[in-house]
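Numbering (this note's numbering), first residue to last: 1 to 398.
Glycine residues also receive a C-beta, built at the ideal position from the N, C-alpha and C atoms.
Below you'll find the structure, written out as structure tokens, and then a few comments.
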């Protein structure tokens with residue numbers, strides 16, 4: 001495989017665009033004392049609300065850093081590769097990440113006193129609890145990109161399509177932030193077309209404008225630690241809490257609140273009368289996870305990212321590696337955790353199958369049980385109640 005630079009390729013140009021969207025280079029003015037610490041304003045001639053990471057572990061990425069990484073990426077990193085080969089075929093990816101058939105019967109009859117979650121792919125998780133069904137960061141398109149002719153291309157298909165007849169009625173959707181691998185316009189439009197205004201959308205602060213521009217009015221935006229209640233069919237309700245994360249936002253060069261850090265980012269806690277679920281979103285490691293565990297834990301199930309971490313100096317502030325994912329699992333006091341943000345889109349420079357084995361090694365080194373923190377196969381489920389698995393999870397073995 002040639003090691004020549006991929007400077008002219010669409011893949012590297014998209015790497016540059018994507019990395020720019022993760023930077024936080026806006027000029028920040030002194031914030032009014034009445035604003036929370038993570039709120040700020042930016043701009044010279046007019047003030048725009050922006051948001052900040054407030055932990056010492058945060059590090060701004062400069063445009064020089066972005067250009068250096070994106071312009072020198074090898075083509076196999078852009079396309080995605082495996083530990084065994086830098087030129088994998090579709091069959092190689094299918095062998096490394098074999099799909100698992102979705103158990104539609106189980107989804108039609110979810111257990112009453114448990115959490116049932118299906119890994120659809122990347123950060124998309126279909127979850128059921130307390131009579132409710134919801135999905136996180138739905139991305140079903142071929143590419144995580146503003147266009148479908150360039151940008152990170154799937155190496156594994158989603159576990160199902162949004163046209164699947166057996167797909168249960170969704171009650172709400174949780175969005176972590178506006179990056180293209182987490183907020184996909186085509187998927188949002190498809191969900192809205194199927195479920196209409198009966199489907200509720202919960203998003204971080206500043207992002208509701210984007211949804212309203214797409215014709216969706218049933219959207220609620222929250223700030224960090226703010227909560228909403230969503231009714232359950234039995235007359236009870238669940239609490240939805242937007243939890244802090246160390247990340248950033250930007251969505252290209254145009255559109256509602258598309259600029260750097262003009263919308264907030266975060267994870268989501270879904271707190272029921274008996275069970276608790278937490279979705280980390282996209283994040284680097286910081287001390288806030290201990291606070292999340294203290295304030296909202298313990299959790300019966302957490303979905304925690306484990307991939308997109310190399311080169312480490314460049315990615316550390318925004319993306320955890322498997323060792324840090326294990327720390328988060330412990331910090332938030334999760335009884336069971338499932339890996340997300342892996343084995344789907346080639347976003348960074350590590351082999352795409354490396355995070356699976358590395359998570360297994362890091363979990364064992366930390367003294368976790370074999371099924372305490374797992375990497376599911378696409379389409380497989382976790383069904384758990386109070387730290388007890390009701391169904392053995394089907395996991396990746398690479």
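query = From this set, 50, 197, 358 and 242, which residue's C-alpha is nearest residue 225's C-alpha?
reply = Ranking 50, 197, 358 and 242 by CA distance to the CA of residue 225 puts 242 first.
inquiry  = Quick check: the Cα distance between residue 144 and residue 308, rounded to an integer number of angstroms?
reply    = Roughly 14 Å between the two C-alpha positions.
Boundaries of the beta strand (DSSP E) in which residue 135 is found, first to last residue = According to the DSSP assignment, residue 135 belongs to the beta strand (DSSP E) that extends over 132–136.
CB of residue 267 within 8 Å of CB of residue 248, strictly = Their beta carbons are not under 8 Å apart, which means residue 267 does not touch residue 248 by this criterion.
task = List the endpoints of the continuous alpha helix (DSSP H) containing residue 303.
result = Note, residue 303: premise wrong, no alpha helix (DSSP H); beta strand (DSSP E) at 301–305.
Selection from 107, 37 and 378 that minimises the alpha carbon distance to residue 165 = Closest option to residue 165, Cα to Cα, is 107.
query = Going straight from the alpha carbon of residue 33 to that of residue 41, what length do you get?
reply = With a pLDDT of only 48 at residue 33, under 50, the local geometry of the prediction cannot be trusted, and no value is derived from it.
query = Is it a yes or a no for the stretch 164–179 touching the stretch 197–208, going by three-plus beta-carbon pairs under 8 Å?
reply = Yes: at least three Cβ pairs fall under 8 Å.
task = Would you list, in sequence order, the uninterrupted alpha helix (DSSP H) runs of no fewer than 4 residues that lie entirely inside the stretch 195–271?
result = Runs of the alpha helix (DSSP H) inside the stretch 195–271: 208–213.
Residue range of the unbroken alpha helix (DSSP H) whose run includes residue 290 = Note, residue 290: alpha helix (DSSP H), 288–296.
Contacting residues, own chain, Cβ-Cβ under 6 Å from residue 321 (five flanking each side not counted) = Closer than 6 Å at Cβ, skipping near neighbours: 309.
inquiry  = Just list the residues that DSSP pairs residue 118 with in beta bridges.
reply    = Note: residue 118 sits in a beta bridge opposite 126 and 381.
Residue 114 versus residue 372 - alpha carbon distance = Going from the Cα of residue 114 to the Cα of residue 372 covers about 16 Å.
ask   = Is DSSP giving residue 25 helix, strand or coil here?
value = Since pLDDT at residue 25 reaches only 39, below the 50 mark, its modelled position is unreliable, and the value read off the structure follows with that caveat. For residue 25, the three-state secondary structure derived from DSSP is coil.
message = Could you tell me the alpha carbon to alpha carbon distance between residue 179 and residue 188, rounded to whole angstroms?
response = Between residue 179 and residue 188, the C-alpha separation is close to 14 Å.
key: Cβ-based neighbour list, residue 83, same chain, cut-off 7 Å, excluding 5 preceding and 5 following   = Excluding sequence positions up to five before and after residue 83, its CB lies within less than 7 Å of the CB of 351, 353 and 354, all in the same chain and listed in chain order.
task = Name, in chain order, the residues that DSSP records as bridge partners for residue 338.
result = DSSP lists 303 and 374 as partners of residue 338.
task = With a cut-off of 8 Å on the beta carbons, I'd call residue 482 and residue 274 a contact; round off their distance for me.
result = Since the displayed the chain opens at 1 and closes at 398, residue 482 lies outside it and no answer follows.
inquiry  = Helix, strand or coil for residue 394? Go by DSSP, reduced to three states.
reply    = It is coil, neither helix nor strand.
inquiry  = If you measure between the beta carbons of residue 299 and residue 332, is that distance less than 8 Å?
reply    = Contact check for residue 299 against residue 332 passes: the beta carbons are separated by less than 8 Å.
key: Coarse secondary structure for residue 39, derived from DSSP in three states   = In the three-state scheme derived from DSSP, where H, G and I count as helix and E and B as strand, residue 39 is classed as strand.
request  = Express the C-alpha separation of residue 305 and residue 92 in angstroms, rounding to a whole number.
outcome  = In a straight line, the C-alpha of residue 92 is about 23 Å away from that of residue 305.
key: When 70, 116, 127 and 158 are compared against residue 97, the one with the closest alpha-carbon   = Minimum Cα-Cα distance from residue 97 among the listed residues 70, 116, 127 and 158 corresponds to 158.
ask   = Do the stretch 330–344 and the stretch 46–64 make contact, defined as three or more Cβ pairs closer than 8 Å?
value = Judged by Cβ distances under 8 Å, the stretch 330–344 makes no contact with the stretch 46–64, as fewer than three pairs qualify.
task = Mind checking which residues open and close the alpha helix (DSSP H) that includes residue 161?
result = Where residue 161 is concerned, there is no enclosing alpha helix (DSSP H), given that its DSSP letter is neither H nor E.
ask   = In the DSSP assignment, what residue or residues form a beta bridge with residue 172?
value = For residue 172, the beta-bridge partners assigned by DSSP are 134 and 200.
Pick from 72, 147 and 192 that is closest to residue 311, judged by C-alpha positions = Answer by Cα proximity: 72.
request  = Within its chain, find whatever has a CB closer than 6 Å to the CB of residue 236; leave out the 5 residues flanking it on each side and keep chain order.
outcome  = Taken in chain order, the residues that qualify are 273.
query = So residue 139 and residue 184 are in contact, right, with Cβ under 8 Å, and what is the actual spacing, rounded?
reply = Between residue 139 and residue 184 a beta carbon distance of about 4 Å is seen, short of the 8 Å cut, so the two are scored as contacting.
task = Would you mind reading off the limits of the beta strand (DSSP E) that contains residue 279?
result = Counting along the chain, the unbroken beta strand (DSSP E) around residue 279 starts and ends at 276–279.
key: Residue(s) in a DSSP beta bridge with residue 153   = Bridge partners of residue 153: 143.
Limits of the alpha helix (DSSP H) - the one that residue 314 falls within = Element bounds for residue 314: 312–315.
ask   = Bridge partners of residue 332, per DSSP?
value = Under DSSP, residue 332 takes part in no beta bridge, so it has no partner.
ask   = Over what stretch of residues does the beta strand (DSSP E) that includes residue 49 continue unbroken?
value = That run of the beta strand (DSSP E) goes 48–51.
inquiry  = For residue 317, count the other beta carbons within 10 Å of its own beta carbon; 16 or more makes it buried, fewer makes it exposed. Which is it?
reply    = Looking at its Cβ environment, which holds 16 or more other Cβ atoms inside 10 Å, residue 317 is buried.
ask   = With 16 other CB atoms within 10 Å as the buried threshold, where does residue 303 fall?
value = Classification for residue 303: buried.
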